[in-house]
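Residue numbers for the sequence shown follow the UniProt record's numbering, so the first one is 1 and each next one is one higher. Here is the structure we will look at.
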Amino acid sequence: MNDSLHAAAALNALARDVSGVQAIVVASADGFALAQAGPKGNVADRLAAMTSSMLGLASALGRELRFGELDTLILDAADGKVLMLAIPGTQPRLLMTACDHSCVIGNALWHAKQCVRTLADNTTR
1 MNDSLHAAAA LNALARDVSG VQAIVVASAD GFALAQAGPK GNVADRLAAM TSSMLGLASA
61 LGRELRFGEL DTLILDAADG KVLMLAIPGT QPRLLMTACD HSCVIGNALW HAKQCVRTLA
121 DNTTR
């Protein structure tokens, strides 16, 4: 399976397995959308840029506090949640998952981490 089909399958599985998913975006470290899924995927370019900026700030905070490498950033708002995860690899990428209020954060985080593992493994094939 080629890389783009593999990424699409991983994102579609995440969207299917987590209730309330609104948008999923894989972004490059410099903020460009590489793949997307979910009903609000049409804003992928803007979400990718914001995810890159947010994770950059969170990484700087983590370095300042000597917490080590950033793994996950969680935004919890009144009407939804956003998970931002680093995808390790030779070309680091980011996974952003936005869910509405019906989302169970633990379930979303578990499935997002599974998706990250799949995408990270895909870079070594």
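The C-beta atom is built at its ideal place from N, Cα and C for all residues, glycine as well.
Assign residue i to one of two classes, buried (16 or more other C-beta atoms within 10 Å of its C-beta) or exposed (fewer than that).
{"i": "SER52", "result": "buried"}
{"i": "ARG63", "result": "exposed"}
{"i": "HIS111", "result": "buried"}
{"i": "LEU94", "result": "buried"}
{"i": "ALA60", "result": "exposed"}
{"i": "LEU65", "result": "exposed"}
{"i": "LEU55", "result": "buried"}
{"i": "ASN42", "result": "exposed"}
With a CB to CB cut of under 7 angstroms and the five nearest residues on each side skipped, what residues in its chain are close to residue i?
{"i": "THR124", "result": "Its pLDDT being 46, under 50, THR124 is placed unreliably in this model, and the value from its coordinates should be taken loosely. Here the set comprises nothing."}
{"i": "ASN107", "result": "VAL18"}
{"i": "GLY8", "result": "Here the sequence assigns Ala to residue 8, which means Gly is not the residue at that position. ALA35."}
Below 8 angstroms between beta carbons: does that hold for residue i and residue j?
{"i": "THR72", "j": "LEU57", "result": "no"}
{"i": "ALA27", "j": "GLY38", "result": "no"}
{"i": "CYS115", "j": "ALA10", "result": "yes"}
{"i": "HIS101", "j": "ASP79", "result": "yes"}
Only counting the same chain, and skipping five residues up and downstream in sequence, which positions put a Cβ closer than 6 angstroms to that of residue i?
{"i": "VAL25", "result": "ALA33, GLN36, ALA44, LEU47, ALA48 and MET96"}
{"i": "PRO88", "result": "ALA120"}
{"i": "ALA29", "result": "PRO92"}
{"i": "GLY20", "result": "CYS99, ASP100, SER102 and CYS103"}
DSSP three-state label for residue i, please.
{"i": "GLN114", "result": "helix"}
{"i": "SER52", "result": "helix"}
{"i": "ARG125", "result": "Here ARG125 scores only 45 on pLDDT, less than 50, and its place in the model should not be relied on; the value that follows carries that caveat. Coil."}
{"i": "ASP100", "result": "strand"}
{"i": "LEU94", "result": "strand"}
{"i": "ASP76", "result": "strand"}
Residues in the same chain with beta-carbon distance under 8 angstroms from residue i, minus the five sequence neighbours each way, listed in chain order, please.
{"i": "ASN12", "result": "ALA37"}
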